[in-house]
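Engineer:
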Amino acid sequence: MAQNPAYEMIWQVIGAIPTGRVATYGQIAELAGIPGGARMVGRCLSQLPVDSQLPWFRVINASGKISLPIDSEGYKKQHELLQEEGVVVMNGRISLAKFRW
DNA sequence: CGGGTGACTATAA
DNA sequence: TTTATAGCCACCC
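The following block contains the structure:
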């Protein structure tokens, strides 16, 4: 699991994101008590198993975009899952209305 | 201990 | 708007 206690907090914060809303890496890090720990959040997600129950797809970068290569499987999956929850993605960018929670 | 890396960000041009 | 730079921090050689 997590050798770093911060990971527990990160998972907890991500799990608290309401359906149909999204949050940025920086936001999550801050709420988890790790100011400036955006990269840690990203690292945490990159190690997440594919069968994780965590709503990792509700996590986007500060530009309101999906932080994955547009030609990757992860991108397509995240885009699809968000669309199912009613999150509007136009021109590769998340609607600002859903940006904060 | 030092250097490279990455699902990040803020700032400057 | 896009690209470049510089901080950032855990992790892996």
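Residue numbers (this note's numbering): 991 to 1091.
Even glycine gets a Cβ: it sits at the ideal position worked out from N, Cα and C.
All of these numbers come straight from a predicted model, not from anything done at the bench.
1) Would Pro1059 be called buried (16 or more neighbouring beta carbons within 10 Å of its own) or exposed?
2) Specify, as a first and last residue, the run of the alpha helix (DSSP H) that Ser1036 falls within.
3) Quick one: give me the first and last residue of the alpha helix (DSSP H) that Gly1005 is part of.
4) At a cut of 8 Å, does the region 1063-1075 reach the region 1019-1032 through at least three beta carbon pairs?
5) Residues in its own chain within less than 7 Å of Thr1009 by CB, not counting five upstream and five downstream?
Structural biologist: This is what the structure gives:
1) Exposed, by the Cβ-count rule.
2) Boundaries of the alpha helix (DSSP H) harbouring Ser1036: Ala1028 to Ser1036, taken from the DSSP string.
3) Its alpha helix (DSSP H) spans residues Pro995 to Gly1005.
4) Judged by pairs of C-beta atoms under 8 Å, the region 1063-1075 does not touch the region 1019-1032, as fewer than three such pairs exist.
5) Excluding the 5 residues flanking it on each side, Thr1009 has same chain C-beta neighbours closer than 7 Å at Glu1075, in chain order.
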